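Heads up, the sequence shown is in the working numbering, so the first residue is 94 and it goes up one at a time. So the structure is just underneath, and the comments pick up after that.
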Amino acid sequence: LDSGFVAMILKDMVNDPSSRLRRGLVLSSCSEFSWIVAPEIPAREAKREIKRLDVEIEEVSKYLRAIKQQKEDQAEVLRRAVHASIEIQRVYRGMQGRMAVRRIHAEREAADTLQRVWRGHVVRVQVRKLKDAMDMQNEREREALMREAASLEKMQALALKELAEAKRRYNERRNLKYGYTSTAAENAVRPKSRKKKNVEEKEKWWDAYQHEKLRDAYEVLAQDMTNSMLYSMCFIAQEGVSLNNHVRPLIFSTYQDFREERMLLLSDSFPSLHQMCCDRGVAFCPVDPFLQLYDQTTQGRGPQAWQWVGHGEE
94 LDSGFVAMIL KDMVNDPSSR LRRGLVLSSC SEFSWIVAPE IPAREAKREI
144 KRLDVEIEEV SKYLRAIKQQ KEDQAEVLRR AVHASIEIQR VYRGMQGRMA
194 VRRIHAEREA ADTLQRVWRG HVVRVQVRKL KDAMDMQNER EREALMREAA
244 SLEKMQALAL KELAEAKRRY NERRNLKYGY TSTAAENAVR PKSRKKKNVE
294 EKEKWWDAYQ HEKLRDAYEV LAQDMTNSML YSMCFIAQEG VSLNNHVRPL
344 IFSTYQDFRE ERMLLLSDSF PSLHQMCCDR GVAFCPVDPF LQLYDQTTQG
394 RGPQAWQWVG HGEE
């Protein structure tokens, strides 16, 4: 503790009339004390007084330390408050900057939107004007065509009228020359009607047409699969002869239709094989049995003994 502060406290205690330090204590100066024991104060009482003063000095020291700690705590709180205010100001300034940037971007986007809308409006106006001009031109062309068609119809009607008048004058002159009556003249100029064909002639024509009609796509495809496949299987294809006439090529629009038709063909033609595949969970493609099935075990001679299935040689 500061000696001056202790001297001030002791001075207050000496000036107190109720204090027991007034006896035997002489103040020589404000900063220095000297103890003079009076002859009437015993040593035991002086020791007790000194001990009591030590206790009071310790209490005052504790009080002073508490005040100092409180001041330090208040200074720490103030420092934290200052730092918090600085951080708040920094965050607020950053938020203001971001808001300003967002405002600038929003204004720029609004300006771009206005320009885009205006350009679109200008383009739409131009397109509308062009369309109106084209409509007007088309309307004028349509009216011109209609006028031309009307004039042509008038010319046709006039020509037909003149032709009918010429025919009438010709018939009159011919009737007068050859002495025809009016009924005979009408029958003479009337065109001959075609004879109606009976049902038998129609049936004969239909039978003949069955031999002359064009082949459909399936037959064409079946007869086209000749040389390339047969040469690869050691067959010698004859001219104009196809060994694939028994084949019905599979033409589908979707893969699902192909799978369904394939399963139907498999179950109808190979029921035991189909059942075996279903029992064993094996997927079997029936395109090979219908298009490329051959027996290489016949007579044990290898590729030279291959036979095409479909002609009863199973």
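Even for Gly, the Cβ is constructed at its ideal location relative to N, Cα and C. If you're wondering where the values come from, they're calculated on a predicted model, not measured in any experiment.
Item, Value
"Would you tell me roughly how many angstroms separate the C-alpha atoms of HIS198 and ASP166, rounded to the nearest one?", "47 Å"
"Which residues mark the beginning and the end of the alpha helix (DSSP H) in which VAL184 is found?", "136 to 271"
"Starting from ASP372, trace the alpha helix (DSSP H) both ways and give me its first and last residue.", "364 to 373"
"Which class does ALA109 belong to by DSSP, given the choice of helix, strand or coil?", "One point to set straight first is that residue 109 is Asp, not Ala, in the sequence displayed. If DSSP states are grouped into helix, strand and coil, ASP109 belongs with coil."
"Since ARG267 and TYR273 should fall inside the 8 Å C-beta cutoff, what is the C-beta to C-beta distance between them, to a whole number of angstroms?", "7 Å"
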